[in-house]
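A.B. asks: In our numbering, the protein residues as written are 44 to 512. Note that CB positions come from ideal geometry on N, CA and C, so glycine has one too. Nothing here was measured: the structure is a model prediction, and the numbers come from that model.
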Ligand code: NAP
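And the structure:
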């Protein structure tokens, strides 16, 4: 596919292959954009931002809604594209495409709900006779830098709210998975969005990233990706707004009163979907001493039932990892844990990009599989004595994106909700669950700011205070 800059589909002599992670075949190629392409896109987006700011909210709603309708018509192609470039099984690819469509519908609705507040300024000692209200205005040019693992829905979580709020948007999709973002761009163009309101530039983030982050014409960066790249972007960004949706090593606590069959089903689901390449994948499981052995006995068959193979095959439950190096990293971390005293309950093997779904028992906090983000199909189980120790261990990390507890005890559940340092808390389900309308984002080094169209619109607007004297 070509990239989209200044209202034109643009090709380049230098291209990048988009590779099917399962079999290494080339799905398509995209242009290798450079810093000059970024500059051109930003200049065009500056003009696009003026057009968007002048457009009525209803018109923005209509365009975004038309895009949602087109997504429905093209849903099969979107779902298949996700699977081909990312490697998640087709049911998950289709699921992501449906969620992405819903994200765009939600964004269209938010275009009609930009409100401010009135202020009774007479409450101030110098405010008698004054009337005040706030106006919400778009930031201008918004840049969306996105990861490989949800190549459509996470792009929609930035494009939809940015346009709803009256901004223009520049998308820099992950180089492994740019096709979904390009197809979304095509959809918005077909839906009648003004040409310069959207740009999609492909190219290596390490090469063109700083040209986006450092440019003062970009007023807002919305980034989803790894902690270290996020920190780098914050350092380069200077005086502009940023939203950071970063990684985690999500904890799940199993208390002695939990329904172990339910925990096992949820853990297998939330630890291994998309081969564990989800920012809120269950990674650190803390199981009460009283049920430790029984829980492992319940979890083992649930994980062993996750058949692996070609993600296009409907019998397959788990596909490959995105790159061989990532599968090798998971393998090395598993081996490090085993060398330090952990034991393999199931899995632990790798072939190319396919790493077997893996359970480790007797994991210690200092092992990489526990203290770092594994972002792959492996989770580690450790013992806990009581709720206080469980919460302390859950909090013993620089991350804080999602955390879960299984218990029927309301006091334990509420203590967990209040004391665990995490942006998302789940009671009686695993860490990996999201409704696209809810506020979503991390605490600590898992990021700052919230997504979910209503909340992202807030992050993508500025507030003006108006005083009538
Ligand atoms: P990544 O390596 O950080 O890449 C994310 C994006 O940043 C890609 O588009 C990448 O471009 C770009 N990039 C790389 N270097 C850059 C630079 N110097 N300046 C600007 N942009 C740069 O992350 P990933 O491997 O794609 O995704 C996995 C990570 O994302 C995990 O840590 C996961 O937890 C996190 N994540 C978080 C959430 C959340 O909502 N909190 C959701 C999904 C994923 P290239 O692809 O061209 O390198």
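Taking all protein chains shown into account, do 16 or more other C-beta atoms lie within 10 angstroms of the C-beta of residue 481, making it buried, or fewer, making it exposed?
C.D. replies: Classification for residue 481: exposed.
A.B. asks: For residue 282, count neighbouring Cβ atoms within 10 angstroms of its own Cβ and tell me buried if that reaches 16, exposed if not.
C.D. replies: Classification of residue 282: exposed, given that the 10 Å Cβ count is below 16.
A.B. asks: Among 161, 166, 195 and 185, which one has its Cα closest to the Cα of residue 175?
C.D. replies: Comparing Cα positions, the closest option is 161.
A.B. asks: Are there 16 or more other CB atoms within 10 angstroms of the CB of residue 336, so buried, or fewer, so exposed?
C.D. replies: Exposed.
A.B. asks: Assess contact between the region 170-190 and the region 256-263, defined as three or more Cβ pairs (one per stretch) separated by less than 8 Å. Is contact present?
C.D. replies: Verdict: yes, contact present.
A.B. asks: May I ask you to list the residues that DSSP assigns as paired with residue 567?
C.D. replies: Residue 567 is absent from the model: the chain starts at 44 and stops at 512.
A.B. asks: Applying the 10 Å Cβ sphere with the 16-neighbour rule, what's the burial state of residue 511?
C.D. replies: Exposed.
A.B. asks: Use the C-beta contact count for residue 169: other C-beta atoms within 10 angstroms, 16 or more gives buried, fewer gives exposed.
C.D. replies: So residue 169 ends up on the exposed side.
A.B. asks: Which residue wins for smallest C-alpha separation from residue 494, given the options 347, 346, 318 and 265?
C.D. replies: Of 347, 346, 318 and 265, the residue nearest in Cα terms is 265.
A.B. asks: How many angstroms separate the CA atom of residue 214 from the CA atom of residue 111?
C.D. replies: Roughly 18 Å separates the two Cα atoms.
A.B. asks: So what's residue 408 in DSSP terms, helix, strand or just coil?
C.D. replies: Correct three-state label for residue 408: coil.
A.B. asks: Based on the DSSP secondary-structure assignment, which residues constitute the bridge partners of residue 400?
C.D. replies: According to DSSP, which records beta bridges pairwise, residue 400 is partnered with nothing at all.
A.B. asks: Straight-line CA distance for residue 154 to residue 180?
C.D. replies: The alpha-carbon atoms of residue 154 and residue 180 are separated by roughly 12 Å.
A.B. asks: Go to residue 422, then tell me how far its beta strand (DSSP E) extends in each direction, as first and last residue.
C.D. replies: That run of the beta strand (DSSP E) goes 421-427.
A.B. asks: Within the present structure, is the beta-carbon of residue 191 separated from the nearest heavy atom of the ligand NAP by less than 6 Å?
C.D. replies: Checking the Cβ of residue 191 against the ligand NAP gives yes.
A.B. asks: To the nearest whole angstrom, what separates the beta carbons of residue 422 and residue 325, a pair I think is in contact under 8 Å?
C.D. replies: About 6 Å separates the two Cβ atoms, so the contact holds.
A.B. asks: Can you tell me which of the three DSSP states residue 145 falls into?
C.D. replies: Residue 145: helix per DSSP, three-state reduction.
A.B. asks: Please classify residue 101: is it buried, with 16 or more other beta-carbons within 10 angstroms of its beta-carbon, or exposed?
C.D. replies: Exposed, because fewer than 16 other Cβ atoms sit within 10 Å of the Cβ of residue 101.
A.B. asks: Note down, in chain order, each residue of its chain lying with its Cβ closer than 7 Å to the Cβ of residue 513, except the 5 sequence neighbours on either side.
C.D. replies: Outside the displayed range of the chain (44 to 512) lies residue 513, so it cannot be described from this structure.
A.B. asks: May I ask which residues mark the beginning and end of the alpha helix (DSSP H) holding residue 310?
C.D. replies: Residues 303-315.
A.B. asks: What is the DSSP secondary structure of residue 459, reduced to helix, strand or coil?
C.D. replies: Residue state, collapsed to three classes: helix.
A.B. asks: Given this structure, state the Cα-to-Cα distance separating residue 516 from residue 509, to the nearest angstrom.
C.D. replies: Residue 516 is absent from the model: the chain starts at 44 and stops at 512.
A.B. asks: Out of 361, 275 and 278, which one is the CA nearest neighbour of residue 313?
C.D. replies: For residue 313, the nearest C-alpha among the options comes from 361.
A.B. asks: At what residues does the beta strand (DSSP E) containing residue 103 begin and finish?
C.D. replies: From DSSP, residue 103 is part of no beta strand (DSSP E) but of the alpha helix (DSSP H) over 100-116.
A.B. asks: Verify the contact flag: residue 272, CB atom, against every heavy atom of the ligand NAP, threshold strictly below 6 Å.
C.D. replies: Residue 272: yes, Cβ under 6 Å from the ligand NAP.
A.B. asks: Would you mind reading off the limits of the beta strand (DSSP E) that contains residue 505?
C.D. replies: Unbroken beta strand (DSSP E) run through residue 505: 504-511.
A.B. asks: Could you check what DSSP says for residue 293 in three-state terms: helix, strand or coil?
C.D. replies: Of the three classes helix, strand and coil, the one that applies to residue 293 here is coil, per DSSP.
A.B. asks: Whose C-beta lies closer than 7 Å to the C-beta of residue 81 among residues of the same chain, with five residues either side of it excluded?
C.D. replies: Cβ within range, chain order: 244, 251, 254 and 255.
A.B. asks: Out of 151, 152 and 114, point me to the one whose CA is closest to residue 140's CA.
C.D. replies: Selected option, being the one with the closest Cα: 114.
A.B. asks: For the beta strand (DSSP E) that contains residue 467, what are its first and last residues?
C.D. replies: Counting along the chain, the beta strand (DSSP E) containing residue 467 begins and ends at 467-470.
A.B. asks: The beta strand (DSSP E) spanning residue 264 covers which residue range?
C.D. replies: Start and end: 261-267.
A.B. asks: Could you please give the first and the last residue of the uninterrupted alpha helix (DSSP H) stretch that includes residue 255?
C.D. replies: Note, residue 255: alpha helix (DSSP H), 248-256.
A.B. asks: Given a threshold of 16 other Cβ atoms within 10 Å of its Cβ, counted over all protein chains shown, does residue 103 qualify as buried or as exposed?
C.D. replies: When all chains shown are included, residue 103 counts as buried.
A.B. asks: Can you tell which of 349, 383 and 359 has the C-alpha that lies nearest to the C-alpha of residue 390?
C.D. replies: Nearest C-alpha to residue 390: 349.
A.B. asks: Between residue 487 and the rest of its own chain, which residues show a CB-CB distance below 7 Å, the 5 nearest in sequence each way excluded?
C.D. replies: Counting only Cβ-Cβ distances below 7 Å, and skipping sequence neighbours, we find 441, 442, 443 and 464.
A.B. asks: Closest by CA to residue 276, which one among 248, 476 and 294?
C.D. replies: Closest option to residue 276, Cα to Cα, is 248.
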